[in-house]
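Residue numbers (our numbering): 461 to 566.
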C-alpha cells in the first residue's frame with residue numbers, strides 16, 4: 461500500500477525533531493520508513509479474529525470478566541518511612557533533604 465509519505469513529509473518530521481538531514485540521509489531514511497510502513501501493512505493484514513485476547517486491566521485471562529483479584533488492588537493507607545532512617549541511608553544529605561550533584565547550569 462502506498463502511504464503517500466513524501467520528501468516534504470520527511471522534511472516536516474525532521475524539522476519537528478530538530479534534525480538536519482543531508483540529501484543522502486533523507487534518501488536512506490525514506491527507504492527505511494518505506495520498509496517499516498510496508499511491514500506494518502503486513503501486520504495489519506494478519507487475520508487475528510480467531511485469537512483470544514490475552515490479558516489486560518479490564519479483562520482477566522483469555523477475555524474473561526475481571527474479578528476483584530484480577531483487577532487493580534484497592535488503595536490502602538500504609539505508614540510512611542521514618543525520615544531519619546531514610547536520610548541516614550543517603551550518601552549526602554542536609555536537614556532539608558538529599559544533596560545531589562548540580563545538573564543544570566545557570
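We treat Cβ as the ideally placed atom computed from N, Cα and C, and that holds for glycine. This one's a predicted model, so the numbers in the text were calculated from it and none came from an experiment.
About 6 angstroms separates the beta carbons of residue 470 and residue 489, which is inside the 8 angstroms limit, making them a contact pair.
Beta-carbon to beta-carbon, residue 467 and residue 486 are separated by about 7 angstroms, close enough to satisfy the 8 angstroms threshold.
When the five nearest sequence neighbours on each side are left out, the beta carbons in the same chain lying within less than 7 angstroms of the beta carbon of residue 553 are those of 547 and 559, in order along the chain. In this structure, residue 493 lies near residue 465, with their beta-carbon atoms less than 9 angstroms apart. DSSP places residue 509 outside any alpha helix (DSSP H), giving it a letter other than H or E. Here residue 550 carries a coil assignment [DSSP, helix/strand/coil].
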